[in-house]
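Asker: As given, the protein sequences belong to chains D and H, one line each in that order. Going by UniProt numbering, the first sequence wraps up at 462, each residue one higher than the last. Going by UniProt numbering, the second sequence wraps up at 135, each residue one higher than the last. The structure follows.
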Amino acid sequence: MNPYLLVDFGSTYTKLTCVDLENEYIIGTAKAPTTVETDVLDGYDKAFKYLISDHPEIKHISGISACSSAAGGLKMAAIGLVEELTVEAAKRACLGAGAIVTKVYSHHMTNKEAQELKDADIDIVLLAGGTNGGNKECILHNARKIKQFGIRVPVIVAGNKDAYDEIEEQFQESNIEYYFVNNVMPQLKKLDVSEAKHAIRKIFIDKIIEAKGIKKAEERIGEIIMPTPEAVLLAAELLSKGYEDEAGYGELIVIDIGGATTDVHTIGEGFPKRTEVILKGLEEPFAKRTVEGDLGMRYSANALLSLVSDYEFKRYFEEDDTCNHNIEKSLNRRSSHVDFIPKTKDEEEFDKAIAKICCDVSMSRHVGHVEVVHTPLGDMYYQTGKDLTGIQYVIGTGGVLINNKEAKKILKQVNKKSNKALELRPTNPSILIDKSYIMSAMGLLSQKYPKVALKLLKQYLM
Amino acid sequence: MNTVVIGVIGADVHAVGNKIIDYVLSENGFNVVNIGVLSSQEDFINAAIETDAKAILVSSLYGHGEMDCRYFKEKCVEAGLDHVKLYVGGNIVVGKQDFTEVEKRFKDMGFDRVYAPGQKIEDALKDLRHDLMVQ
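What follows is the structure, given as structure tokens:
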């Protein structure tokens with residue numbers, strides 16, 4: 001036996017997954033509430049005690065890796081020039097690195113926006129704008145605003161490289177902590193987000209988890225290597241591509257319905273499948289992640305009120321559902337009591353409807369769309385985003401799905417087509433559930449033991 | 001290096017001329033940002049903003065150029081690109097029309113240079129060098 005421990009300091013729970021590297025199986029899992037407010041190790045110790053009492057056969061731990069989304073995860077601001085171009089590129093770099101993008105600015109920042117940025121509860125600013133050799137006046141303006149308002153969080157500069165010397169001169173005489181990386185859009189519509197993502201992860205590890213009190217846990221438990229959502233994306237990528245002689249599952253989607261957000265990850269090119277379809281817009285990343293901050297089971301339940309009308313909401317209830325739901329009251333109750341656990345059948349049904357909406361709406365926003373254009377040469381089709389019609393597997397994770405007997409029914413929403421004919425949704429995918437909640441743990445494990453992680457993913461997703 | 005944005009406007013998919021323009025201008029020292037066929041006015045404008053382009057060269061071959069180019073200059077002005085030179089060329093109107101007339105119409109619409117069907121890209125290259133004051 002060679003037990004290896006994977007830790008996820010989540011915003012509500014600290015979750016442990018213990019894997020036997022030798023015999024390639026999951027020995028056990030345990031969780032306890034995260035204790036960021038006191039000492040983060042309290043929650044960890046408690047969870048570890050549960051794990052050991054359930055599995056006394058664990059005598060020693062050969063290694064530990066950890067990820068974290070504690071205290072609301074990694075929050076970022078993305079700044080660029082044109083909305084559809086460098087702003088979008090900057091947003092994608094942040095999302096791909098596991099962040100939530102809470103502030104977005106385009107063109108020249110105003111004093112009001114700069115003040116708002118300073119006051120915002122964010123961890124990192126990503127400053128982009130201009131292709132290499134392109135517009136540098138805008139990024140310089142925004143750099144000056146950042147200096148003028150004394151932004152207190154680290155700034156990653158990932159825009160027109162021609163402006164870097166001047167930006168450095170600006171920032172040098174200030175207290176701003178800054179990092180220069182490759183332009184996220186070096187050429188028009190060409191993305192290069194890997195260096196920016198790397199810088200985000202590095203700052204996350206060096207600074208942010210320290211501020212949240214998790215860093216000191218490192219001495220005892222080993223290194224914290226990435227934000228949790230990035231670990232999920234890595235697991236999805238591994239499962240899709242395979243490793244060495246172990247084949248992968250091909251193109252796939254992972255949907256993570258959480259308390260505050262719904263994250264959708266897709267692994268695949270998503271190129272048009274028909275010759276008369278022309279791809280428009282920004283290049284799509286092979287491993288793509290989107291985060292919907294207004295779709296969640298608890299923290300953001302209230303946001304659903306402004307998103308879907310009562311009439312639309314009712315369509316998500318089961319046909320045989322006879323309960324008389326008070327939609328507004330039930331949603332308010334969930335957002336004001338985020339630890340709410342459904343007890344009655346009515347409450348369960350209501351949670352199921354919320355989960356269906358999260359799944360349906362997040363898919364609408366994530367998948368590509370086609371648009372018909374009538375031309376003198378006949379009808380042509382523009383495609384923006386990824387064509388996901390051929391996706392083989394959809395994997396569901398997150399509390400509501402894992403604990404729901406009808407999780408597969410909820411996930412069937414991914415191919416719901418009613419009046420959405422122009423959305424390139426999966427047509428008939430196989431649905432798998434992350435029953436043992438191992439996605440992020442396997443993403444962590446894949447950094448050192450990709451083969452074991454892949455085998456376990458295949459074994460435990462069902 | 002001077003950056004120019006080139007592309008084929010509207011629902012037009014003629015790509016050959018676009019490739020020739022790209023080749024000739026690149027060979028002659030311009031940084032060519034080619035946004036390709038089926039491009040909207042907004043695509044040209046967004047590309048010109050991000051790349052700090054000095055000129056936008058619009059191609060149209062299917063006869064509907066006049067419709068596709070309407071209010072292009074106004075949108076450039078709105079986007080702060082009033083200094084950017086605006087060229088158009090190809091088969092830009094329906095049927096055979098007197099070119100002097102056509103040229104006047106497009107110049108009234110705000111285009112700096114208008115090229116007749118069959119006109120050589122070398123002519124545009126000469127004009128571009130002159131307008132942007134490059135050797």
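Yeah, the Cβ is synthetic: ideal placement off N, Cα and C, and Gly gets one too. The model shown is predicted, which means the values in this text are computed figures rather than measured ones.
Measure the C-alpha to C-alpha separation of I79 of chain D and P56 of chain D and round it to an integer number of angstroms.
Answerer: Their backbone Cα atoms lie some 51 Å apart in a straight line.
Asker: Ignoring anything shorter than 4 residues or poking outside the segment 194-255 of chain D, list the alpha helix (DSSP H) runs there in chain order.
Answerer: Qualifying alpha helix (DSSP H) stretches, in chain order: 194-203, 218-221, 228-241.
Asker: Determine, using beta carbons only, whether N91 of chain H comes closer than 7 Å to chain D.
Answerer: Not closer than 7 Å to any Cβ of chain D, the Cβ of N91 of chain H fails to qualify, so no.
Asker: Hey, would you say I267 of chain D sits closer than 7 Å to E246 of chain D, going by beta carbons?
Answerer: No, they are not a contact pair.
Asker: How far does the beta strand (DSSP E) with F180 of chain D in it reach, from first residue to last?
Answerer: Per DSSP, F180 of chain D belongs to the beta strand (DSSP E) from 178-180.
Asker: Contact between the segment 9-18 of chain H and the segment 41-57 of chain D: three or more CB pairs below 8 Å?
Answerer: Contact fails: fewer than three Cβ-Cβ distances are below 8 Å.
Asker: Spell out the partners DSSP gives H374 of chain D in its beta bridges.
Answerer: In DSSP, H374 of chain D forms a bridge with D:D379.
Asker: Using a C-beta to C-beta distance shorter than 8 Å, which residues of chain H count as neighbours of N135 of chain D?
Answerer: Those are I49, E50, T51, D52, listed as they occur along chain H.
Asker: What's the call for A421 of chain D, buried or exposed, on a 16-neighbour Cβ count within 10 Å?
Answerer: With fewer than 16 other Cβ atoms within 10 Å, it is exposed.
Asker: So, are the CB atoms of K145 of chain D and T102 of chain D less than 7 Å apart?
Answerer: Against a cut-off of 7 Å, the Cβ pair of T102 of chain D and K145 of chain D comes out as no contact.
Asker: Would C67 of chain D and D8 of chain D qualify as a contact pair, given that the criterion is a beta-carbon distance under 7 Å?
Answerer: Cβ atoms of C67 of chain D and D8 of chain D: closer than 7 Å.
Asker: For D34 of chain H, which beta-bridge partners are listed by DSSP?
Answerer: The sequence as given places Asn at residue 34 of chain H; Asp does not occur at that position. N34 of chain H pairs with H:I6.
Asker: L388 of chain D lies in the beta strand (DSSP E); which residues open and close that run?
Answerer: Neither: L388 of chain D is in no beta strand (DSSP E) and is coded neither H nor E.
Asker: E113 of chain D CB to nearest chain C CB: under 7 Å?
Answerer: Here the protein chains are D and H, and chain C is not one of them.
Asker: Give the list of continuous beta strand (DSSP E) stretches no shorter than 3 residues that lie fully inside the segment 286-339 of chain D.
Answerer: If we require 3 residues or more, the beta strand (DSSP E) runs fully inside the segment 286-339 of chain D come out as 287-292.
Asker: Answer yes or no: do N2 of chain H and V134 of chain H have a C-beta to C-beta separation smaller than 7 Å?
Answerer: Their beta carbons are under 7 Å apart, which means N2 of chain H touches V134 of chain H by this criterion.
Asker: Would you mind telling me which residues of chain D sit closer than 7 Å to residue 218 of chain H, beta carbon to beta carbon, in chain order?
Answerer: Not covered by the structure: residue 218 of chain H. The range shown for chain H is 1 to 135.
Asker: Taking the beta carbon of L140 of chain D as the centre, do at least 16 other beta carbons fall within 10 Å, making it buried, or is it exposed?
Answerer: Buried.
Asker: Please classify R298 of chain D as buried or exposed, where buried requires at least 16 other C-beta atoms within 10 Å of its C-beta.
Answerer: With 16 or more Cβ atoms within 10 Å of its Cβ, R298 of chain D is classed as buried.
Asker: Can you tell which of D:S300, D:K314, D:I395 has its C-alpha closest to the C-alpha of H337 of chain D?
Answerer: It is D:S300.
Asker: How many angstroms separate the CA atom of N23 of chain D from the CA atom of A217 of chain D?
Answerer: Distance between the alpha carbons of N23 of chain D and A217 of chain D: 29 Å.
Asker: Quick check on DSSP: helix, strand or coil for D108 of chain H?
Answerer: Helix at D108 of chain H.
Asker: Check for me: the beta strand (DSSP E) holding T29 of chain D runs from which residue to which?
Answerer: Taken as a continuous stretch (DSSP letters only), the beta strand (DSSP E) holding T29 of chain D covers 25-33.
Asker: Taking the alpha helix (DSSP H) that T397 of chain D falls in, what are its first and last residues?
Answerer: That residue, T397 of chain D, is in no alpha helix (DSSP H); its beta strand (DSSP E) goes 393-397.
Asker: Given a cut-off of 7 Å, decide if V193 of chain D and G259 of chain D are closer than it, judged by their beta-carbon atoms.
Answerer: No, Cβ-Cβ distance for G259 of chain D and V193 of chain D is not below 7 Å.
Asker: Within 7 Å (strictly less), CB to CB, does L85 of chain D reach chain H?
Answerer: Closer than 7 Å: yes.
Asker: Helix, strand or coil: how does DSSP classify T100 of chain H here?
Answerer: Helix.
Asker: Does any CB atom of chain H fall closer than 7 Å to the CB of V82 of chain D?
Answerer: Output row for V82 of chain D: interface = yes.
Asker: Checking contacts by CB at 7 Å: is P272 of chain D closer than that to chain H?
Answerer: Output row for P272 of chain D: interface = no.
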